[in-house]
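> I am attaching a structure below and will ask some questions about it afterwards.
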Amino acid sequence: MTSIDDVDGTPARLDIHLGVGIGPIRFGMKPAEVLQAFQEPQLYEDWMGANLNDSLLYQGLILGFSECDGAGPLADSILTDITIHQRENAHLFGQPMGEWTEKALIQELQEREYQVKEQWHGVIDLWKQFGMSFDGDERLIGIVMDAPRPKQSPGHENAETPPVSSLTDQPTPKPFRRLFLFLFGIWLTVEQERG
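As structure tokens, then:
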């Protein structure tokens, strides 16, 4: 279980593990498991957008699940996507998320043998499984992760069947649905600040 604060009152550090989860939260967990492991108060923020019945919402964090109803994620659903936005205690590769510049992060990812593709200025795509976005100063402000997909066996790369999560038989969410909502939320925040 992760407490909300460290001894000195600052938020406990949350390490981002690409393709795995953040802090104690892991892909494939059920909503009750997430709530038990991550005991922060739930919170909606303007950048999050709408249509989030499938999610648990926290400061700077959207945790999306495979199934929902009008009240929220279903008890048997599993965690399929994570969106992290300007969360001060989120760390990537041992460094606070907001300290990464686009250039330094691309270099770090390449050194770790990630296949990096810049979709457009300020947005990085890693295998269509992770998306990262940067502000005008080229500082990392957001990460979108989908649950890992199983590797295709040779000769089946173009199969007509939809990809499934390696953790369940549930279909993997559409790539970049969250990224679109996330980028829209950033745009909305910038427009509101311009006033």
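In this text, residue positions in the sequence shown follow the UniProt record's numbering: the first is 1, and each later residue adds one.
Glycine included, each C-beta is placed from N, C-alpha and C at the ideal position.
From a predicted model like this one, the values you see are computed outputs, not experimental measurements.
(1) Under the DSSP definition of a beta bridge, which residues are partnered with ASP146?
(2) Is the CB-CB distance between LEU56 and ARG87 below 8 angstroms?
(3) Just to confirm, is the Cβ distance from ILE25 to MET97 under 8 angstroms?
(4) Quick one: grab the DSSP three-state call for ALA90.
(5) What number of angstroms, rounded off, separates the C-alpha of TRP100 from the C-alpha of VAL34?
(6) Would you call ASP146 buried or exposed, if buried means 16 or more other Cβ atoms sit within 10 Å of its Cβ?
(7) Comparing alpha-carbon positions, which option in MET29, ILE141, ASP135 lies nearest THR83?
(8) Kindly list the residues whose CB is nearer than 6 angstroms to the CB of GLU102, restricted to its own chain and excluding five residues on each side of it in sequence; keep chain order.
(9) Cβ atoms of HIS91 and LEU18: under 8 angstroms apart, would you say?
(10) Could you say which of CYS68, ASN51, PHE93, LEU74 lies nearest to GLY23 if we only look at CA atoms?
(11) What did DSSP end up calling MET132 once you bin it into helix, strand or coil?
(12) Between TYR44 and chain D, is the shortest Cβ-Cβ distance under 8 angstroms, so that the two count as touching?
(13) For TYR44, collect the residues of the same chain with a Cβ closer than 7 angstroms to its Cβ; drop the 5 residues on either side in sequence, then sort them by chain order.
(14) Let's see if you can read the secondary structure: which residues bound the alpha helix (DSSP H) around LEU105?
(15) Output yes or no for whether 8 angstroms exceeds the beta carbon distance between ILE106 and GLY28.
(16) Using beta-carbon positions only, say whether PHE65 and ASP54 come within less than 8 angstroms of one another.
Checking against the coordinates, here is how it stands:
(1) Looking at the DSSP assignment, ASP146 forms a beta bridge with ASP81.
(2) Cβ distance not < 8 angstroms, so LEU56 and ARG87 don't count as in contact.
(3) For ILE25 and MET97, no; Cβs fall outside 8 angstroms.
(4) ALA90: strand per DSSP, three-state reduction.
(5) Between TRP100 and VAL34, the C-alpha separation is close to 27 angstroms.
(6) Its Cβ being crowded by 16 or more others within 10 Å, ASP146 is buried.
(7) Ranked by Cα distance from THR83, the first of MET29, ILE141, ASP135 is ILE141.
(8) Within the same chain, GLU102 has close Cβ partners PHE134, GLU138.
(9) Taking a C-beta distance under 8 angstroms as the contact criterion, LEU18 and HIS91 do not qualify as a contact pair.
(10) Answer by Cα proximity: PHE93.
(11) Note: MET132 maps to strand in three-state DSSP.
(12) Of the chains in the structure shown, none is chain D; there is only one protein chain.
(13) For TYR44, where only same-chain residues beyond five positions count, the Cβ hits under 7 angstroms are LEU57.
(14) Residue range 102 to 111 is occupied by the alpha helix (DSSP H) that includes LEU105.
(15) No, they are not a contact pair.
(16) Yes, the pair counts as a contact, with Cβ atoms nearer than the cut-off.
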